[in-house]
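S.K.:
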Amino acid sequence: QGPDMPLSRLRKAIEESCPALASSVHIRLKLMAEGELKDMEQFFDDLSDSFTGTEPEVHKTSVVGLFLRHMILAYNKLSFSQVYKLYTALQQYFQNDEKKDGIDESDMELTNTEELEGKMEKEELDVPLREEEISCSGPLSQKQAEYFLSQQASLLKNDETKALTPASLQKELNNLLKFNPDFAEAHYLSYLNSLRVQDVFSSTHSLLHYFDRLILTGAESKSNGDEGYGRSLRYAALNLAALHCRFGHYQQAELALQEAIRIAQESNDHVCLQHCLSWLYILEQKIFDSCVLLEHSVNKSLHFGLPYLASLGIQSLVQQRAFAGKAANKLMDALKDSDLLHWKHSLSELIDISIAQKTAIWRLYGRSTMALQQAQTLLSMNSLEAVNVGVQQNNTESFAVVLCHLAELHAEQGYFAAASEILKHLKERFPPSSQHAQLWMLFDQKIQFERAMNDGRYHIADSLVAGITALSSIEGVYRKAIVLKAQNQMSEAHKLLQKLLIHCKKIKNTEMVISVLLSIAELYWRSSCHTIALPVLLQALALSREYSLQYLASETVLNLAFSQVRLISLNILHMAIEPVLAHGAVLDKGCAMFLVAKCQVASAASYTPQKKIEALESAILNLNEAKTYFAKVDCKEQLRDVLYFQARLFHTLGKTQERNKCAMLFRQLHQELPAHGVPLINAFK
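If you count by our numbering, then the sequence shown holds residues 243 to 927, one letter each, in order.
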């Protein structure tokens with residue numbers, strides 16, 4: 243099935259099952275290659291004799307018999323010049339191997355039939371080929387070429403790391419097209435290969451060539467009658483629209499899509515029209531919310547029996563409703579309905595997408611425990627299917643998404659070593675040249691950024707901003723503002739956050755809008771403008787509750803509690819503390835416990851002396867818990883604040899030894915992280 247392997251590898255494959263047969267094969271090839279053309283003629287004459295006699299060596303209808311007869315017929319059809327060309331190719335094949343290792347073997351010779359049986363055994367024993375072994379130097383037969391193309395296309399879809407590298411694959415495709423320029427499938431694989439490296443020109447060129455060759459060869463018209471020509475044209479336009487959409491050329495995509503819709507309507511092709519409607523939704527989504535289009539697409543797809551398209555529509559609808567703030571239980575019900583479609587039609591790829599979608603939705607709503615459960619479900623599902631190589635799809639986008647979320651969840655809980663292991667695994671599974679590599683690149687940069695910020699190494703965090711911006715401009719600008727805020731460049735940070743706020747409101751990125759509002763509120767605290775921060779926080783709280791973003795709502799309540807710390811806010815705090823401790827990142831848990839301690843101290847001012855002492859001792863215990871959380875994520879700046887606060891409390895309680903210990907630890911951290919003239923404990927985070 244595959245391309246011709248080197249002679250040395252062919253012999254090795256035969257030797258594994260029958261060493262004597264390998265020797266026989268080598269002798270026969272040597273006789274033909276070093277002899278004359280008549281030796282090859284004699285070989286094919288001998289093959290014909292294998293079927294004669296009362297007890298023939300090979301039965302005509304056996305697998306080997308059919309193979310031999312097929313080969314004899316193919317040889318007999320060759321003209322004299324083609325026979326000579328075959329002979330010179332055989333000589334070249336043998337001489338190339340002789341140049342590599344001058345092995346001269348002479349051993350017992352077996353029958354011709356056994357020799358060919360050995361060749362068949364070689365096919366059966368064949369193992370997955372390495373890159374240098376897949377490549378072929380000469381022309382391939384139609385079947386060999388089709389096998390090579392289908393194998394590489396399957397690997398590109400399911401496991402890109404096992405496919406040839408983009409450069410090697412393109413070299414092989416160019417070699418194939420040199421011998422057969424009208425080979426349409428080779429042009430299509432070239433198009434897929436160009437997409438891997440984001441090459442707009444080459445991918446467009448190859449896609450157009452594919453449909454040109456498809457029409458010229460008449461492959462479509464043979465199977466579809468007169469309809470074939472038009473079918474190629476409308477699907478060519480549809481694929482071109484998808485290509486432009488992928489590269490962000492929305493105007494060109496819309497023009498191509500209109501052309502596809504026009505041709506499909508003329509031909510009354512409802513299936514093509516449904517695909518067009520799905521792409522129309524994707525294009526319109528860039529401009530305005532097109533929920534009606536999507537619902538219509540799902541209904542029509544179900545009507546015309548297109549479960550794959552219907553399911554993708556439901557997934558998109560759920561995603562859109564999640565961003566619109568719909569209740570989680572309704573979204574999960576919708577996903578349950580789509581899962582029934584997947585299992586009914588055995589759409590394994592869409593099952594993976596559905597689980598990845600659930601993971602992302604739970605992350606959006608701030609339920610890290612549920613997100614972790616969904617992520618583990620997908621990982622377990624794939625490990626169960628490991629034996630079935632044909633079904634296993636461990637290198638798809640959904641798998642990359644889930645692993646990225648898993649890495650971030652571990653990093654949030656302070657398990658940086660585990661997060662690094664997951665990212666290392668992602669790098670091996672999705673190399674930088676692969677199409678899904680940008681996912682782990684962004685998460686990797688974000689985790690490194692958070693670690694640098696926790697450690698007070700703002701210069702390192704600032705250097706990571708450029709990498710984050712290249713992958714996601716919104717995330718990059720937001721993190722640049724965070725660095726400026728940490729470096730006490732308040733006016734620059736405020737300008738940047740205001741611009742980002744306007745942009746995020748325009749594109750309806752509610753999650754980022756709330757995060758930006760919280761950062762703006764923190765800027766006001768640092769400037770001792772607590773009263774100005776309150777309306778900003780209330781706006782963030784209203785948005786987070788409207789869009790069911792529970793975790794962001796809890797964080798906003800904690801910020802509100804901090805801004806009202808002097809107004810006895812323990813009651814407000816209890817509303818938010820439980821979700822943070824249940825689903826929050828370690829840093830947020832530490833901040834929450836620190837805030838509880840501050841509120842306890844603030845409320846203790848009006849207590850009787852005995853109750854005040856109990857309240858302060860309880861605050862010290864909460865500070866110890868906060869200190870444990872901050873130490874876990876190596877957040878030195880917050881640790882310094884906790885130690886300062888603890889020292890003050892111990893001093894109030896008259897515990898000199900404990901106070902001195904906290905003061906010494908505080909001094910060590912304070913020397914390592916100078917305060918730049920900013921008063922201590924002036925921000926929630």
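Where a beta carbon is used, it is the ideal one built from N, C-alpha and C, also for glycine. This one's a predicted model, so the numbers in the text were calculated from it and none came from an experiment.
So, at 6 Å on beta carbons, what are the nonlocal neighbours of E900 in its own chain, with the 5 sequence-adjacent residues on each side left out?
M.R.: For E900, where only same-chain residues beyond five positions count, the Cβ hits under 6 Å are F892.
S.K.: Along the chain, where does the alpha helix (DSSP H) that runs through Y550 open and close?
M.R.: Element bounds for Y550: P549 to F565.
S.K.: Between the stretch 688-701 and the stretch 874-882, are three or more C-beta pairs nearer than 8 Å?
M.R.: These segments touch.
S.K.: The alpha helix (DSSP H) spanning K542 covers which residue range?
M.R.: Counting along the chain, the alpha helix (DSSP H) containing K542 begins and ends at C533 to H545.
S.K.: Would you call the CB atoms of L885 and L858 closer than 9 Å?
M.R.: Cβ atoms of L885 and L858: not closer than 9 Å.
S.K.: Are L783 and V758 closer than 9 Å when you measure CB to CB?
M.R.: No, the pair does not count as a contact, with Cβ atoms beyond the cut-off.
S.K.: What's the gap between the Cα of V267 and the Cα of P261?
M.R.: So the alpha carbons of these two residues sit roughly 10 Å apart.
S.K.: Using 10 angstroms around the beta-carbon of T296, count the other beta-carbons present and answer buried if the total reaches 16, otherwise exposed.
M.R.: So T296 ends up on the exposed side.
S.K.: Identify the continuous alpha helix (DSSP H) that holds R693 and give its terminal residues.
M.R.: Segment A679 to N696, the alpha helix (DSSP H) holding R693.
S.K.: To the nearest angstrom, how far is the alpha carbon of C646 from that of V560?
M.R.: Cα to Cα, C646 sits roughly 21 Å from V560.
S.K.: Considering only residues of the stretch 582-662, which uninterrupted alpha helix (DSSP H) runs meet the minimum length of 4 residues and lie entirely inside it, listed in chain order?
M.R.: The qualifying runs are 590-606, 610-626 and 639-654.
S.K.: Near S474, what residues of its chain come up, given a Cβ to Cβ distance below 7 Å and the 5 sequence neighbours on each side ignored?
M.R.: F453, L456, I457 and E462.
S.K.: From what residue to what residue does the alpha helix (DSSP H) around V778 run?
M.R.: From DSSP, the alpha helix (DSSP H) with V778 extends over H772 to E788.
S.K.: Taking 8 Å as the cut-off, does the CB of A479 come closer than this to any heavy atom belonging to the ligand FAD?
M.R.: Only the bare structure without any ligand can be found here, which leaves the ligand FAD out of the picture.
S.K.: Going straight from the alpha carbon of L263 to that of L271, what length do you get?
M.R.: When rounded, the distance between both Cα atoms is 12 Å.
S.K.: If Y477 and G608 are in contact, beta carbons under 8 Å, what's the gap, nearest whole angstrom?
M.R.: Not confirmed; about 43 Å, so no contact.
S.K.: T752: buried (16+ other C-beta within 10 angstroms of its C-beta) or exposed?
M.R.: T752 should be labelled buried.
S.K.: From the DSSP output, in three-state form, read off R947 for me.
M.R.: Because the chain is modelled from 243 through 927, residue 947 falls outside the range shown and cannot be assessed.
S.K.: My assumption, with CB atoms under 8 Å, is that L592 sits in contact with S539. Please give the rounded CB distance.
M.R.: Actually they are not in contact, since the Cβ atoms of L592 and S539 sit about 16 Å apart, beyond 8 Å.
S.K.: Given this structure, state the Cα-to-Cα distance separating Q507 from L684, to the nearest angstrom.
M.R.: Their Cα atoms are separated by approximately 42 Å.
S.K.: Roughly how many whole angstroms lie between the Cα atoms of L815 and Q677?
M.R.: Spanning the two alpha carbons is a distance of roughly 45 Å.
S.K.: Just curious, the alpha helix (DSSP H) that H893 is in, first and last residue?
M.R.: From DSSP, the alpha helix (DSSP H) with H893 extends over K878 to L895.
S.K.: Quick one: is G547 buried, meaning 16 or more other Cβ sit within 10 Å of its Cβ, or exposed?
M.R.: Its Cβ having fewer than 16 others within 10 Å, G547 is exposed.
S.K.: Here's a check: name, in chain order, each residue in its chain whose Cβ is nearer than 8 Å to the Cβ of K586, leaving out the five neighbours to either side.
M.R.: Counting only Cβ-Cβ distances below 8 Å, and skipping sequence neighbours, we find P549.
S.K.: Using only the alpha-carbon positions, how far apart do H701 and F691 sit?
M.R.: Distance between the alpha carbons of H701 and F691: 10 Å.
S.K.: Compare the C-alpha of N864 against each of D876, A839, F804 and E670 and name the closest.
M.R.: Comparing Cα positions, the closest option is A839.
S.K.: Does K750 come out as helix, strand or coil in the three-state DSSP assignment?
M.R.: Residue state, collapsed to three classes: coil.
S.K.: Out of Q618, L589 and M574, which has the shortest C-alpha to C-alpha gap to L551?
M.R.: Cα-wise, what sits closest to L551 is L589.
S.K.: Identify which residue in Y766, S790 and K404 has its Cα closest to the Cα of L779.
M.R.: Of the candidates Y766, S790 and K404, the one whose C-alpha sits nearest the C-alpha of L779 is Y766.
S.K.: To the nearest angstrom, report how far apart H825 and T611 are at their CA atoms.
M.R.: Straight-line Cα distance between these residues: approximately 6 Å.
S.K.: Kindly provide the ranges of any alpha helix (DSSP H) runs that are 4 or more residues long and lie completely inside the stretch 700-761, ordered along the chain.
M.R.: Taking only runs of at least 4 residues, the alpha helix (DSSP H) segments lying wholly in the stretch 700-761 are 700-713, 715-728 and 732-749.
S.K.: For R504, does the count of other Cβ atoms within 10 angstroms reach 16, so buried, or fall short, so exposed?
M.R.: Exposed.
S.K.: Taking only three categories from DSSP, how would you classify V513?
M.R.: Note: V513 maps to helix in three-state DSSP.
S.K.: Quick one: is R605 buried, meaning 16 or more other Cβ sit within 10 Å of its Cβ, or exposed?
M.R.: It is buried - the Cβ of R605 has at least 16 other Cβ atoms within 10 Å.
S.K.: Reducing DSSP to helix, strand and coil, say where K280 ends up.
M.R.: Three-state result, K280: helix.
S.K.: Please state the DSSP three-state secondary structure of P408.
M.R.: Correct three-state label for P408: helix.
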